[in-house]
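Undergrad: Handing you a structure now.
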Amino acid sequence: MNFKDVLIVDDSATSRMIIKRCFDIAGFHDLRYHEAEDGLKAISKLDERSVDLVVTDLKMPKMDGNTFLKKLRLREEGKAMPVIIISSMGNDVLESQFLEAGVMAIIRKPLSPSKLLEVLGEPNGQ
């Protein structure tokens with residue numbers, strides 16, 4: 523998968539830093555990261571710029587990941603946007619609903635570079 527702009531949506535600054543570090547360790551270099559601490563701010567970021575991949579948590583204040591995903595899918599550019607959910611919430615029914623809604627993958631925390639590689643494959647030309 524080829525992407526350059528990644529939107530990371532998580533209310534924890536530490537989690538956002540870990541996600542970026544995992545991308546780097548996995549070999550995805552030269553990415554441009556855009557960060558938001560909740561779904562509401564993520565929508566605002568998407569109003570400002572387009573991205574190639576969204577990585578989001580589910581449990582966040584103001585607008586949770588589920589609501590954010592629904593709003594993202596209503597946008598023209600968001601209909602086919604690749605989305606990875608990274609969450610500590612483990613719920614098989616909820617996970618299957620997200621996958622049916624077109625989510626690329628649900629990764630349970632803690633995230634690791636190897637889990638990213640399982641989902642995204644090896645970096646192409648990076």
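Numbering (the numbering used here), first residue to last: 523 to 648.
Virtual Cβ for every residue (Gly too), placed ideally from N, Cα, C.
Is there a Cβ of chain C sitting closer than 8 Å to that of residue 606, yes or no?
TA: In the structure shown, chain C does not exist; there is a single protein chain.
Undergrad: Grab me the residues of residue 635's own chain with a C-beta within less than 7 Å of its C-beta, minus the 5 sequence neighbours each way, in chain order.
TA: Closer than 7 Å at the Cβ level, and outside the excluded window around residue 635, lie 544, 547 and 548.
Undergrad: Quick one: Cα of residue 648 to Cα of residue 618, how far?
TA: Low confidence applies to residue 648: its pLDDT is 45, below 50, so where it sits in the model is not reliable, and the reading given next is rough at best. Answer to the nearest angstrom: the Cα atoms are 32 Å apart.
Undergrad: Considering only the beta carbon of each residue, do residue 574 and residue 525 sit closer than 8 Å?
TA: Contact flag set, yes.
Undergrad: For the structure I just gave you, are there three or more beta carbon pairs, one from the stretch 556-571 and one from the stretch 525-535, closer than 8 Å?
TA: Enough Cβ pairs lie closer than 8 Å, so yes.
Undergrad: As a quick exercise: from 552, 540 and 614, pick the residue whose alpha carbon is nearest that of residue 578.
TA: It is 540.
Undergrad: Alpha carbon to alpha carbon, how far is residue 632 from residue 598?
TA: Taking the straight line joining both Cα atoms gives about 32 Å.
Undergrad: How is residue 542 classed by DSSP in three states: helix, strand or coil?
TA: In the structure shown, residue 542 sits in a helix (DSSP, three-state: H, G or I).
Undergrad: From residue 562 to residue 611, what distance separates their C-alpha atoms?
TA: Whole-angstrom Cα-Cα distance: 20 Å.
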